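In the working numbering, the protein residues as written are 21 to 227.
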């Protein structure tokens, strides 16, 4: 019987691209129970560069369009024990926005790549070191605000990204100041929006 969750390791692929564009990609996990965190950074390697994509949507559903999960009035654990076969027909997909790339010389650019990822390219999470290197600058926010119409709620995504950085221990006070300054500029100095955002951010920083 499969476990309910699978721990992902940096540099170990766990999914592959099934749809792709310059702006982002849709990937399917090899195991429906293996999924990335909302706001975390994923990577795709091409011969020319490493593409960075932030997870902004995750969905689990039926692999067969003609079959749909329905309520059994039993707990997840009970179903795992009594009817494990129903989980074999599930799939997990997640969507990422491309917010930067790194060339083979090691230089990070917070821009769209010249070409989209190829279908069936493997997807994997980034190491702590590369996460730290990528988030040292807030220029990734320019790409995110440029793709705001692709996201259900941009502020939610930004909060999730900061939460992820805080959990990795790479969110410094200097980075927070840079983030706040950039956020203010990109929102046209919308004081009300910034104040509400910082109010929601405060509990995250206290953990």
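A virtual CB, placed ideally from N, CA and C, is assigned to each residue, including glycine.
Given the structure is predicted, the values throughout are model-derived calculations rather than measurements.
Comparing C-alpha positions only, which one of the options sits nearest to residue i?
i           : options               : result
residue 48  : 70, 31, 83 and 194    : 83
residue 43  : 59, 210, 116 and 144  : 116
residue 74  : 88, 81, 56 and 91     : 56
residue 200 : 188, 159, 145 and 104 : 159
residue 133 : 67, 168, 216 and 204  : 67
So, residue i versus residue j, is the Cβ gap smaller than 8 Å?
i           : j           : result
residue 191 : residue 165 : no
residue 37  : residue 118 : no
residue 121 : residue 157 : no
residue 107 : residue 52  : yes
residue 151 : residue 61  : yes
From residue i to residue j, what does the alpha carbon distance come to, in whole angstroms?
i           : j           : result
residue 71  : residue 93  : 43 Å
residue 81  : residue 39  : 17 Å
residue 77  : residue 143 : 15 Å
residue 198 : residue 161 : 11 Å
Per DSSP, what kind of secondary structure is residue i in: helix, strand or coil?
i           : result
residue 138 : coil
residue 113 : strand
residue 226 : coil
residue 39  : strand
residue 60  : coil
residue 202 : helix
residue 70  : strand
Tell me whether residue i, by its Cβ, gets closer than 7 Å to a heavy atom of the ligand FMN.
i          : result
residue 97 : For the ligand FMN, the structure offers nothing, since it holds no ligand at all.
Any beta strand (DSSP E) of 3 or more consecutive residues that is wholly inside the segment 126-196: 142-145
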